[in-house]
Amino acid sequence: MTLKNSSPIPLSCAEFQEQLPDLFAAGSGAIHDPQLTEHLKTCENCSALVRDLQYIADQAKQLLQPTHEPSDSVWKKIQEGLAADSSLVPEPSKN
Amino acid sequence: MEVQGLQMTEAKTAPGLFKRNPPIAGEAEAIERAKAGDAEAFSKLYALHKRRVYTLCLRMLGNVSEAEDMTQEAFLHLFRKIGSFRGESAFSTWLHRLTVNLVLMHLRKKGLQLVSLEETINPSEEDSPKRDFGSRDTQLAGSVDRVALERAVASLPPGYRMVFVLHDVEGFEHNEIAGMLECSTGNSKSQLHKARLKLRELLRRSESTAQAEVKEAAL
Numbered sequence: 001m002t003l004k005n006s007s008p009i010p011l012s013c014a015e016f017q018e019q020l021p022d023l024f025a026a027g028s029g030a031i032h033d034p035q036l037t038e039h040l041k042t043c044e045n046c047s048a049l050v051r052d053l054q055y056i057a058d059q060a061k062q063l064l065q066p067t068h069e070p071s072d073s074v075w076k077k078i079q080e081g082l083a084a085d086s087s088l089v090p091e092p093s094k095n
Numbered sequence: 096m097e098v099q100g101l102q103m104t105e106a107k108t109a110p111g112l113f114k115r116n117p118p119i120a121g122e123a124e125a126i127e128r129a130k131a132g133d134a135e136a137f138s139k140l141y142a143l144h145k146r147r148v149y150t151l152c153l154r155m156l157g158n159v160s161e162a163e164d165m166t167q168e169a170f171l172h173l174f175r176k177i178g179s180f181r182g183e184s185a186f187s188t189w190l191h192r193l194t195v196n197l198v199l200m201h202l203r204k205k206g207l208q209l210v211s212l213e214e215t216i217n218p219s220e221e222d223s224p225k226r227d228f229g230s231r232d233t234q235l236a237g238s239v240d241r242v243a244l245e246r247a248v249a250s251l252p253p254g255y256r257m258v259f260v261l262h263d264v265e266g267f268e269h270n271e272i273a274g275m276l277e278c279s280t281g282n283s284k285s286q287l288h289k290a291r292l293k294l295r296e297l298l299r300r301s302e303s304t305a306q307a308e309v310k311e312a313a314l
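These protein sequence lines are chains P and A, in that order. 1 is the number of the first residue of the first sequence in the numbering used here; add one for each residue after it. 96 is the number of the first residue of the second sequence in the numbering used here; add one for each residue after it.
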């Protein structure tokens, strides 16, 4: 007997969401697993969740640009540290 | 401060990290001069990188005073070790790895055991992101601004914030994070996922508060 119906077994939201950490870690941006794509097609809630998590990951990249600046006292202390400890003269390059 | 156990070897870096951290004009020359002990070159390197190093420390520690102390330590350590920088990765990537290692050592000294994230810096039930089965809330509007995101990241529980900053902001891979935090890659993936879920929750909450304020103002 052969199986005529090759549709994937439907996943619950819990089962789908359990796969998300690995899915995002794979990082390809496209979902190839038929069970997962089928669930995404039919579940508005999980597709919104995936879009939001992707959006957050994308937006995080803009945080790489720094927004904060240390106070002037930090550089002063570094200079004091450099002056106080002669061992802080950098190790000569081995190149 | 005697710094022990820091691994300052340059990890083999994917070309993408150079794309993410492109060289800065004048940086290469300053590095070479700094290696020869030129104090002015140190000053230039500090000026070029102080904001990113400090921002990284601040995000990881959530405390201005500690972040300034660690920025100071990171640059002092940089000036000691700059001779070992061979240019196999972007300088900023190397400097950030050095900074992250120093911050993690600092946290360990404070008693925060990073060996097992699940057992030690995992947030309480109250802080955990809510599972999202079947709720009918709308998705994020797609217009989350930088300030809102920064605020939400700052309010994450420390374990989540650490992995989120290292992976999504700084661009470290899960295996690198696992090495730094002495946890499994699976643990790193799981913490990152929970961090993003928690951020979603926080951002949706702040969006709905803002919408309520606009409605109230319109009345």
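Cβ atoms here follow ideal geometry from the backbone N, Cα and C, with glycine treated the same way.
- Under the 8 angstroms Cβ criterion, the segment 6-26 of chain P counts as touching the segment 34-47 of chain P, having at least three qualifying pairs.
- Contact annotation: Arg-146/A and Glu-80/P have beta-carbon atoms that are not nearer than 8 angstroms.
- Residues of chain A with a Cβ closer than 7 angstroms to the Cβ of His-39/P do not exist; the shortest Cβ-Cβ separation is about 12 angstroms.
- Secondary structure of Pro-21/P (DSSP, three-state): helix.
- Shortest Cα-Cα distance from Leu-197/A to any of His-172/A, Lys-176/A, Asn-282/A and Ala-185/A involves His-172/A.
- Thr-194/A sits in a helix when the DSSP states are folded into three classes.
- At a Cβ-Cβ threshold of 8 angstroms, Ala-57/P and Asp-164/A do not count as neighbours.
- Among the CB atoms of chain A, one or more fall inside 8 angstroms of the CB of Pro-70/P.
- Under the three-state reduction of DSSP, Glu-296/A is assigned to helix.
- A straight line joining the alpha-carbon of Met-275/A with that of Lys-310/A spans about 47 angstroms.
- Annotation for Ala-162/A: Tyr-149, Cys-152, Leu-153 and Leu-156 place their beta carbon closer than 7 angstroms to its own, counting only its chain and skipping 5 residues before and after.
- If you draw a straight line from the Cα of Leu-140/A to the Cα of Ala-125/A, it comes to about 7 angstroms.
- Between Leu-36/P and Pro-10/P, the alpha-carbon positions lie close to 9 angstroms from each other.
- Nearest CB-CB separation between Thr-42/P and chain A: not below the 8 angstroms threshold.
- With respect to the 8 angstroms criterion, Ala-169/A and Leu-193/A are classified as neighbours on the basis of their beta carbons.
- Excluding sequence positions up to five before and after Leu-297/A, its CB lies within less than 7 angstroms of the CB of Ala-247 and Ser-250, all in the same chain and listed in chain order.
- For a cut-off of 8 angstroms, the C-beta gap from Ala-273/A to Asn-282/A is around 7 angstroms, short enough to register as a contact.
- Pro-34/P: member of the alpha helix (DSSP H) spanning 34-42, first to last residue.
- In this structure, the CA atom of Ile-31/P is about 49 angstroms from the CA atom of Asp-72/P.
- Gln-286/A sits in a helix when the DSSP states are folded into three classes.
- Val-264/A carries a helical assignment under DSSP once its states are collapsed to helix, strand and coil.
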